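A.B. asks: This is the structure I have questions about; it appears just below.
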Amino acid sequence: MGKVAILTRNPPAELGDIQKAEAYQIALLGGATGDQRVKEQHGWWNETEQRAEFLSTTFEPDTPLPFEEALKVYYDQIGLRASQGFMHVRYYSFIENRYVYEDLRKATGTCEYKSGSGGACGKPTNKVFPFGSRSYWFCDEHLKPGAEQVTGRPFIEKK
Ligand SMILES: [Zn+2]
Numbered sequence: 628m629g630k631v632a633i634l635t636r637n638p639p640a641e642l643g644d645i646q647k648a649e650a651y652q653i654a655l656l657g658g659a660t661g662d663q664r665v666k667e668q669h670g671w672w673n674e675t676e677q678r679a680e681f682l683s684t685t686f687e688p689d690t691p692l693p694f695e696e697a698l699k700v701y702y703d704q705i706g707l708r709a710s711q712g713f714m715h716v717r718y719y720s721f722i723e724n725r726y727v728y729e730d731l732r733k734a735t736g737t738c739e740y741k742s743g744s745g746g747a748c749g750k751p752t753n754k755v756f757p758f759g760s761r762s763y764w765f766c767d768e769h770l771k772p773g774a775e776q777v778t779g780r781p782f783i784e785k786k
C-alpha cells in the first residue's frame with residue numbers, strides 16, 4: 628500500500644493565491660508488508676488540484692529495505708526536509724482517499740513506537756503519552772489502544 632507525503636514551505640491557507648508551491652514528495656513504495664523502497668522527488672504542488680508535478684528524483688536508495696528500516700528512512704527524509712523549511716506536510720490517507728494536512732512546526736518529537744525488531748517509527752509528532760515514570764512520543768497511527776507500544780506490552784488507555 629505504501630505511504631506518500633508532500634512537503635511545502637506554505638500551509639494550505641497560503642496556497643489559495645499561489646498557483647504552484649515548491650514541494651518534495653516522499654514515498655514509501657511496497658506492499659502492506661515486506662521490503663519497501665523510499666523515493667523522493669522535487670517539484671511543484673498544486674493545492675487547488677491536490678496534485679504534484681515533478682521535476683526530478685532527488686533521493687532513491689538502490690536496495691529495497693525491510694519495512695521498519697524503510698519507514699525510518701522515510702520519516703528521516705521528512706525530518707530532513709522539514710529542517711530545511713518544508714514544515715507543511717500532507718500525508719495521503721488511503722482510508723479517507725485524500726491528503727490530510729499536518730503542521731510540522733507543531734511537532735516537537737518523533738514517534739517512539741517500536742516494532743518487534745526494535746526499530747522506532749520516527750514520524751514527527753506533537754503527541755505525548757504518559758507511561759509509567761515518563762512520557763512517550765507517539766504518532767496518530769501508533770497512539771491507540773490495542774497497539775504494542777514502547778514497552779512491548781499491550782497499550783492501555785488511561786481514562
Ligand atoms: Zn508512529
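Residue numbering for the sequence shown is 628 to 786, as defined by the working numbering. For every residue, glycine included, the Cβ atom is placed at its ideal position computed from N, Cα and C. The structure displayed is predicted, hence computed values, not measured ones.
(1) Going along the chain, which residues of its own chain have a beta-carbon closer than 6 Å to the beta-carbon of tyrosine 718, five neighbours each way excluded?
(2) What are the uninterrupted segments assigned as alpha helix (DSSP H) that are 4 or more residues long and contained completely in the stretch 689-738, given in chain order?
(3) Rounded to whole angstroms, how far is the Cβ of tyrosine 740 from the Cβ of alanine 747, which I believe are closer than 8 Å?
(4) From this set, Pro757, His715, Gln704, Glu695, which residue's C-alpha is nearest alanine 659's C-alpha?
(5) Using 10 angstroms around the beta-carbon of leucine 682, count the other beta-carbons present and answer buried if the total reaches 16, otherwise exposed.
(6) Under 6 Å Cβ to Cβ from alanine 648, same chain only, skipping five residues before and after it: list those, please.
(7) Under the rule that 16 or more other beta-carbon atoms within 10 Å means buried, what is aspartate 644, buried or exposed?
(8) May I have the straight-line CA-CA distance separating aspartate 730 from tyrosine 763, to the nearest angstrom?
(9) Which same chain residues, not among the five before or five after lysine 578, have their C-beta less than 6 Å away from its C-beta?
(10) Three-state secondary structure (DSSP) at alanine 640?
(11) Going by alpha carbons, who is nearest to aspartate 689 out of Ser760, Lys666, Arg761, Arg725?
(12) Suppose contacts are defined by Cβ-Cβ distances below 8 Å. Is alanine 697 in contact with leucine 655 by that definition?
(13) At the level of alpha carbons, what is the spacing between threonine 620 and glycine 657?
(14) Determine the DSSP secondary structure at lysine 750, reduced to helix, strand or coil.
C.D. replies: Checking against the coordinates, here is how it stands:
(1) In its chain, beyond the 5 residues on either side, Ala632, Val727 have a beta carbon closer than 6 Å to the beta carbon of tyrosine 718.
(2) Complete alpha helix (DSSP H) runs here, min 4: 694-710.
(3) Rounded, the Cβ-Cβ distance is 7 Å, consistent with contact.
(4) Sorting Pro757, His715, Gln704, Glu695 by C-alpha distance to the C-alpha of alanine 659 places Glu695 at the top.
(5) exposed
(6) Here the set comprises Thr635, Asn637, Leu642, Trp672.
(7) exposed
(8) 20 Å
(9) Nothing can be reported for residue 578, as the shown portion of the chain is limited to 628 through 786.
(10) Assigned with DSSP and collapsed to three states, alanine 640 falls in helix.
(11) Lys666
(12) Using a Cβ distance threshold of 8 Å, alanine 697 and leucine 655 count as a contacting pair.
(13) Any property of residue 620 remains undetermined from this structure, which presents the chain solely from 628 to 786.
(14) Under the three-state reduction of DSSP output, lysine 750 falls in the coil class, being neither helix nor strand.
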